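Student: Take the sequence shown: its letters are residues 0 to 152, numbered as in numbering that gives the first Met the number 0.
Here's a structure for you.
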Amino acid sequence: MLETPHVAVGVAIATKFPNPWIAIPLAFASHFVLDKVPHWNPHLYTETQKTGHPSKNSTIMAVVDIATALILGSTFAFKALPNVQMTVLILACSLASVASDVIKYPYYYFHLRQKWLVKWVNFERSIQVDTKSIIWGLVTQVLIISASIWWIL
Ligand SMILES: [Zn+2]
């Protein structure tokens with residue numbers, strides 16, 4: 000799944016569960032639930048297997064997605080001010096919600112092939128539910144983002 004819906008859910012969790020001992024693990028766990036929702040994302044893995052690195056187009060999509068996720072997380076974190084505790088919690092939950100994917104970037108872009116990392120990449124791949132249709136695979140993610148923002152506001 001793209002990072003933006005993950006972060007939207009992470010932010011929602013932070014705002015609904017102000018206890019960091021609950022919110023941060025929950026945000027981390029939400030990643031695996033969301034990856035089970037049928038979705039589409041750039042084929043970083045397949046391309047890396049084929050050519051040694053993700054394609055330029057996929058990289059552009061990943062960068063746009065990460066930038067959007069960062070803007071989304073920071074906007075809500077900023078909005079929570081002057082409640083510094085909530086601001087930090089939103090940032091922490093945003094990070095926790097995508098940690099499982101962020102770990103994989105060195106595999107794609109820096110050719111790291113440590114055993115544990117390869118295992119993690121394969122595990123992450125095994126839980127993905129991909130859609131054949133790009134459109135439907137994006138619709139589910141737009142719905143997750145909308146539902147999360149609706150839940151937050
Ligand atoms: Zn993932």
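Backbone N, C-alpha and C fix where the C-beta goes; we use that ideal spot for every residue, glycine too.
It should be emphasised that the depicted structure is a prediction, and the values quoted were computed from it without experimental measurement.
Could you tell me if the beta carbon of Ser-99 falls within a distance shorter than 7 angstroms of some heavy atom in ligand 1?
Tutor: For ligand 1, at least one heavy atom lies less than 7 angstroms from the Cβ of Ser-99.
Student: When burial is assigned at 16 or more other CB atoms within 10 Å of the CB, is Asn-40 buried or exposed?
Tutor: Buried is the call here.
Student: For Ile-21 and Thr-50, I'd like the C-alpha separation in whole angstroms.
Tutor: Taking the straight line from one Cα to the other gives about 41 angstroms.
Student: Assign Leu-152 to buried or exposed, taking buried as 16 or more other Cβ atoms, counted over all protein chains shown, within 10 Å of its Cβ.
Tutor: When all chains shown are included, Leu-152 counts as exposed.
Student: Is Thr-47 buried or exposed, if buried means 16 or more other CB atoms sit within 10 Å of its CB?
Tutor: Burial call: buried.
Student: Of the residues Ser-99, Gln-84, Arg-112 and Val-6, which one's Cα is nearest the Cα of Arg-124?
Tutor: Among Ser-99, Gln-84, Arg-112 and Val-6, the Cα nearest to that of Arg-124 is on Ser-99.
Student: Roughly how far, in whole angstroms, is the beta-carbon of Cys-92 from the beta-carbon of Val-10, given that I think they are within contact range, below 8 angstroms?
Tutor: About 7 angstroms; that satisfies the 8 angstroms criterion.
Student: Looking only at its chain, what residues have a beta carbon closer than 6 angstroms to the beta carbon of Leu-116, apart from the 5 residues adjacent to it on each side?
Tutor: Excluding sequence neighbours, Leu-116 sits near Tyr-106.
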